Amino acid sequence: MAELTDAVDLGAALRSLRRLADLSQRELAERSGVPQATLARIESGRAIDPRFRTVERLVRAAGGKVAVGLPGAAGAVDSANNANNADSADSADSGDSADSGDSAGGSLPAVPHDGLRDAAGRRYPAHLDAWEVREPKDWPGAWWANWYNLPPPLWPLPLPAATYERNRAYRDRRRWAAEVRRTVRLRRVTGGLPATSWRLVAELPGGDLVGELRAHERSPHLLYGDDPSEVREIVLDGVLVAGDYRQLGIGRRLVGLLADEMDRAGIRTAHAIARFGGVDLLLACGYQLESDRPWALRLDRRPAVTVAVAD
Numbered sequence: 181m182a183e184l185t186d187a188v189d190l191g192a193a194l195r196s197l198r199r200l201a202d203l204s205q206r207e208l209a210e211r212s213g214v215p216q217a218t219l220a221r222i223e224s225g226r227a228i229d230p231r232f233r234t235v236e237r238l239v240r241a242a243g244g245k246v247a248v249g250l251p252g253a254a255g256a257v258d259s260a261n262n263a264n265n266a267d268s269a270d271s272a273d274s275g276d277s278a279d280s281g282d283s284a285g286g287s288l289p290a291v292p293h294d295g296l297r298d299a300a301g302r303r304y305p306a307h308l309d310a311w312e313v314r315e316p317k318d319w320p321g322a323w324w325a326n327w328y329n330l331p332p333p334l335w336p337l338p339l340p341a342a343t344y345e346r347n348r349a350y351r352d353r354r355r356w357a358a359e360v361r362r363t364v365r366l367r368r369v370t371g372g373l374p375a376t377s378w379r380l381v382a383e384l385p386g387g388d389l390v391g392e393l394r395a396h397e398r399s400p401h402l403l404y405g406d407d408p409s410e411v412r413e414i415v416l417d418g419v420l421v422a423g424d425y426r427q428l429g430i431g432r433r434l435v436g437l438l439a440d441e442m443d444r445a446g447i448r449t450a451h452a453i454a455r456f457g458g459v460d461l462l463l464a465c466g467y468q469l470e471s472d473r474p475w476a477l478r479l480d481r482r483p484a485v486t487v488a489v490a491d
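Every position in the sequence shown, counted from 1, becomes a number in this note's numbering once 180 is added.
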């Protein structure tokens with residue numbers, strides 16, 4: 181809750197509300213009936229003393245509420261549940277500048293990229309997701325990034341300092357993926373398993389299983405005749421991640437947790453047989469290909485057929 185005083189950064193609060201509601205400046209202006217130019221001046225800090233009714237219309241249209249009370253009471257500019265997400269096309273914020281503060285007041289979450297500016301010194305659209313461009317693959321406009329390994333002097337277009345994606349479906353997927361990465365929890369399951377069996381799982385807050393790693397310990401002394409009390413090794417049986425949750429780093433985190441658990445148990449070596457994308461995953465996690473790597477074999481046994489004989 182942010183008290184409605186001179187300390188409130190109204191521009192930052194409106195940008196945060198727009199982001200929560202997923203509305204561009206144009207969309208919020210259409211919903212509230214306030215001209216977009218007025219909204220742009222308020223958000224950039226150029227409208228020093230906007231009318232209360234104007235502010236109220238903007239806040240309510242963005243899904244928030246305005247309350248006025250005595251100090252210590254509930255008077256505040258507060259964020260409410262996201263409501264009435266816009267279905268119209270996105271548009272860039274035309275009037276943002278670098279003059280106003282960067283943080284929203286009270287419980288409103290600040291716009292993550294509020295500190296970024298374009299070449300003209302303007303903020304990027306608050307309702308979108310802007311990010312810094314460090315290499316061509318960070319920029320949707322770098323069509324050559326995935327097909328050609330071009331050195332910088334041959335890049336067809338200069339890279340911007342930052343960029344954003346207008347496509348709403350892409351934006352929703354990106355935010356959903358960030359929330360999954362933030363909330364997924366990994367743990368080792370120990371109950372109900374043999375002492376030599378290892379099971380690591382990735383779960384969402386509600387308990388839904390989205391990833392699993394299984395491994396087992398083997399006894400090297402069966403191969404080499406070593407003292408079984410001194411050497412332990414792990415064989416990685418497999419890593420599985422649910423289809424919708426792939427490419428989010430869950431598999432790599434499971435393999436990393438296995439390495440941590442091995443360190444705790446004093447086990448130094450792990451073996452694995454992988455194919456297709458699993459090879460790249462393990463290589464990225466520090467595994468190395470072996471020169472005497474065996475082929476992966478499979479056996480499928482058909483169920484026995486029972487023939488009934490009549491008496």
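Don't be surprised by glycine CBs; every beta carbon is placed ideally from N, CA and C. Bear in mind that the values here come from a model prediction, so they are computed numbers and not experimental data.
Bridge partners - residue i, DSSP secondary structure assignment
i: Tyr467; result: Bridge partners of Tyr467: none, in fact.
i: Trp324; result: None, per the DSSP bridge assignment.
i: Glu345; result: According to DSSP, Glu345 bridges with nothing at all.
i: Trp311; result: Thr343
i: Arg303; result: Arg297
Cβ-Cβ separation, residue j to residue i (assumed contact under 8 angstroms), whole Å
i: Ile430; j: Val421; result: 5 angstroms
i: Trp503; j: Ala342; result: Any question about residue 503 goes unanswered here, given that the chain covers just 181 to 491.
i: Leu288; j: Pro316; result: Contact doesn't hold; Cβ gap of about 35 angstroms is too wide.
i: Leu428; j: Val360; result: 6 angstroms
i: Arg178; j: Ala454; result: Lying before the first or after the last residue shown, residue 178 is absent from the chain, which here runs from 181 to 491.
i: Val419; j: Leu461; result: 7 angstroms
i: Glu397; j: Thr370; result: Rounded, the Cβ-Cβ distance is 14 angstroms, inconsistent with contact.
i: Asp417; j: Ala445; result: That belief does not hold up - the Cβ atoms of Asp417 and Ala445 are roughly 17 angstroms apart, past 8 angstroms.
i: Gly313; j: Arg199; result: The question names Gly, but residue 313 is Val in the sequence shown. Actually they do not touch by this definition, with Cβ atoms about 21 angstroms apart.
i: Leu366; j: Leu437; result: 5 angstroms
i: Pro320; j: Glu345; result: 6 angstroms
Span of the alpha helix (DSSP H) around residue i
i: Arg354; result: 348 to 363
i: Thr370; result: Careful: Thr370 lies outside any alpha helix (DSSP H) and carries neither H nor E.
i: Pro379; result: Reading the sequence as shown, one finds Arg at residue 379 and not Pro. No alpha helix (DSSP H) contains Arg379, which is instead part of the beta strand (DSSP E) from 377 to 383.
Residue i, enclosing beta strand (DSSP E) - first and last residue
i: Val214; result: It is not in any beta strand (DSSP E) - Val214 carries neither H nor E in the DSSP assignment.
i: Leu389; result: 389 to 398
i: Leu190; result: Note, Leu190: premise wrong, no beta strand (DSSP E); alpha helix (DSSP H) at 190 to 201.
i: Lys317; result: Run containing Lys317: none; DSSP gives neither H nor E here.
i: Val246; result: 245 to 247
Environment of residue i [buried if 16+ CB atoms lie within 10 Å]
i: Ala322; result: buried
i: Ala299; result: exposed
i: Ser204; result: buried
i: Val487; result: exposed
i: Pro305; result: buried
i: Gln216; result: buried
i: His451; result: exposed
i: Glu207; result: buried
i: Tyr425; result: buried
i: Glu470; result: exposed
i: Ile222; result: buried
i: Arg233; result: exposed
i: Ser399; result: exposed
i: Asp202; result: buried
i: Ala192; result: buried
i: Arg448; result: exposed
i: Arg485; result: In the sequence on display, residue 485 carries Val and not Arg. So Val485 ends up on the exposed side.
i: Asp440; result: exposed
i: Arg355; result: exposed
i: Ala349; result: exposed
i: Asp294; result: buried
i: Asp189; result: buried
i: Gly386; result: exposed
i: Ala220; result: buried
i: Gly391; result: buried
i: Arg482; result: exposed
i: Val248; result: exposed
i: Ala145; result: The question about residue 145 has no answer, for the chain in this structure spans 181 to 491.
i: Arg167; result: The chain is shown from 181 up to 491; residue 167 falls before or after that span and cannot be answered.
i: Gly466; result: exposed
i: Ala209; result: buried
i: Leu479; result: exposed
i: Arg195; result: buried
i: Arg303; result: buried
CB contact check: residue i to chain D, cutoff 7 angstroms
i: Glu397; result: No chain D appears in this structure, which consists of one protein chain only.
List, from N- to C-terminal side, the beta strand (DSSP E) runs of 3 residues or more that fit wholly inside the segment 415 to 455. 449 to 452
In chain order, each alpha helix (DSSP H) run of at least 4 residues that lies wholly inside the segment 204 to 242: 205 to 212, 216 to 224, 232 to 241
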